[in-house]
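Before any comments, here is the structure.
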Amino acid sequence: MFLEQIENTEGKFINWAGSYEYTSSKLYYPKNVEEVQILVKNLDKLKVLGTMHCCHGIADSEENLVSLKYLDKVINLDKDTLTVTIETGIIYGHLAIYLYKNGFALHNMASLPHISVAGACATGTHGSGTKNGNLSSAVRAMEIVTATGDIITISRDKNYEEFYGMVVHLGGIGVVTKLVLDVQPVYMMKQMVYENLRFDQLKDHFIDIMSSGYSVSLYTKWQDKMLDQVWVKRRVEHGKENDYEKELFGAKQAKENLVFGMDAGNTTDQCGIVGPWHERLPHFKLDHTPTGNGLESEYFVDLDKAYEAMLAVDEITPHLWESEIRTIAADDFWMSPFYKRPSVAIHFLWKQDFDAARKLMLKIEEKLEPFKAIPHWGKLFMVEPGKFKEFYPKLPDFVNLCKKYDPNRKFRNKFLDNFVFNNA
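Position 23, counted from 1, in the sequence shown is what the UniProt record's numbering calls 23; the numbers after and before it change by one each time, with no gaps.
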């Protein structure tokens, strides 16, 4: 085969956090869609990697891995339909720079601008904001290479039912080679961090606090009934008053950039300094390449149960770096954790001690079970596979969709079999 194949003879490929080793040592780098088609036609089994930010084997393969890092171009910006068409190897940070230079923006971004657009959309990855859908909600159309090597196009307007089953696809339907995303006119933003918010303020004011900005994050170590930091990101609207209050329900404005566990110089500017949307929505700067310093878990509960669910989380130091709390609007994607459900994300960044993290995950999952806490597809969890049919009412329909486009299981792996296909 003429395609470039990299075989790591000294060991296996490792995810960005250094916490997961991929099974296969064969990694292919196609340069265009035609080479993707050749790969798909010639390989019996394969899985596509994004930027390897997932914490486990959702994108793993025992046989062949494929990277789309060279398919990283912006194909078209349509100013009339307010859409951008991209190749799926592009990362959010590079797409954002292109859009900003051309006067446009995305509706939201995750905390890291270094992740691939395709990988984030495939796993239902999110930013924050009570009115902001996850990153997948920007998808208007997709080009997919199916198991036969053929190309299909699915769109929100023309393939309504299948579209909502295929956007959050977990890598189970085919190789997504192009995405069409909704964009909007460029906007500016600023962010302020508040320190030391008493936990009991959430009882009556959770929605008020999480709605105090376009995107809001709470940080806590679950100690002393205190939220250590509140990050409030606001859009700068001309003609509207949006100055920051000196206090937010008793929390005080920080005087300098703050962040947990690393140099605050790596964070996007805080302290109310106005800047472009893509330099405020993420927590970290694009030119700071983060290295994973921990293990990640994240669980989603109903928005209206947020305070009660947070109360259920016991003090869990010293094995925790920090937790982040965010909100996500409901969507209609079958395999999205936010399907028909406005949600709150409770994220845990554990220290690099899997045995300790595992015990705490089991404890937390037991505490959160009454709240139907759904784990993030790309992060660590101990939830039993049989629970996923309860979490995803459209799971049987998704399985049928996968079987339609991949009848011979080319894109399936152990993770998908355990948590999706064996539960249909």
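We treat Cβ as the ideally placed atom computed from N, Cα and C, and that holds for glycine.
The structure displayed is predicted, hence computed values, not measured ones.
Around the beta carbon of Q223, a 10 Å sphere encloses fewer than 16 other beta carbons of the protein chains shown; the residue is thus reported as exposed. Within a 10 Å sphere around the beta-carbon of A110 sit 16 or more other beta-carbons, which makes this residue buried. For I144, the enclosing beta strand (DSSP E) covers residues 139 to 145. Straight across, the Cα-Cα distance linking G127 with H283 is about 10 Å.
Apart from sequence neighbours up to five positions away, the residues of its chain that approach A96 with a beta-carbon distance below 6 Å are H278, ordered along the chain. In the DSSP assignment, L197 falls outside any alpha helix (DSSP H) and within the unbroken beta strand (DSSP E) covering 188 to 198. Following the DSSP letters along the chain, one finds K359 in no beta strand (DSSP E) but inside the alpha helix (DSSP H) bounded by residues 354 to 368.
Using a 10 angstroms sphere on the CB of D243, the tally of other CB atoms stays under 16, which defines it as exposed.
DSSP places D182 outside any alpha helix (DSSP H); the residue lies instead in the beta strand (DSSP E), whose first and last residues are 175 to 182. The alpha-carbon separation between R140 and D182 amounts to approximately 6 Å. Separation of the CB atoms of A309 and A373 is rounded to 7 Å, and the pair is thereby assigned contact status at 8 Å. In the same chain as F415, and ignoring 5 residues on each side of it, the C-beta atoms closer than 6 Å to its own belong to G57, I58, in chain order. In the same chain as M166, and ignoring 5 residues on each side of it, the C-beta atoms closer than 7 Å to its own belong to M142, I154, I173, L401, in chain order. Note on geometry: alpha-carbon atoms of E315 and E366 lie some 15 Å from one another. Counted as a single uninterrupted DSSP element, the beta strand (DSSP E) harbouring I328 occupies residues 320 to 328. For a cut-off of 8 Å, the C-beta gap from G171 to K41 is around 18 Å, too long to register as a contact. Within the same chain, Cβ atoms closer than 6 Å to the Cβ of R326 are found at S128, S217, A345, the five residues on either side in sequence being excluded.
Ranking A118, T177, V74, L286 by CA distance to the CA of L39 puts T177 first.
Within the DSSP secondary-structure output, R235 pairs in a beta bridge with M189. A straight line joining the alpha-carbon of E35 with that of M226 spans about 53 Å. Scanning the region 42 to 84 from its first residue to its last, no whole alpha helix (DSSP H) run of 4-plus residues comes out. Looking only at V186, F354, G250, the smallest Cα-Cα distance to L106 is reached by V186.
In this structure, the alpha-carbon of N266 lies about 43 Å from that of Y405. Per DSSP, Q253 is not a residue of any alpha helix (DSSP H); the beta strand (DSSP E) it occupies stretches across 251 to 253.
In this structure, the beta-carbon distance from M189 to G103 does not fall below 9 Å.
In this structure, the CA atom of P337 is about 25 Å from the CA atom of K351.
Following the DSSP letters along the chain, one finds Y244 in no alpha helix (DSSP H), marked with neither H nor E. With respect to the 9 Å criterion, L320 and L380 are not classified as neighbours on the basis of their beta carbons. Sequence-distant partners of F260 (beyond 5 residues in either direction) whose C-beta falls short of 7 Å from its own C-beta, in its chain, are Y219, W321, E322. Leaving aside the five residues that flank Q184 on each side, the residues in its chain whose CB is nearer than 6 Å to its CB run, in chain order, A105. Taking 9 Å as the cut-off, the Cβ atoms of V175 and T85 do not count as close. The beta carbon of N76 sits closer than 6 Å to the beta carbons of T85 from its chain, once the five residues preceding and following it are set aside; these are given in chain order.
Taking 9 Å as the cut-off, the beta carbon of L248 is found closer than this to the beta carbon of Y194. 9 Å or more divides the Cβ of K45 from the Cβ of E21.
Around the CB of K233, 16 or more other CB atoms lie within 10 Å, so the residue is classed as buried.
Counting only the Cα atoms, L368 lies some 25 Å from W231.
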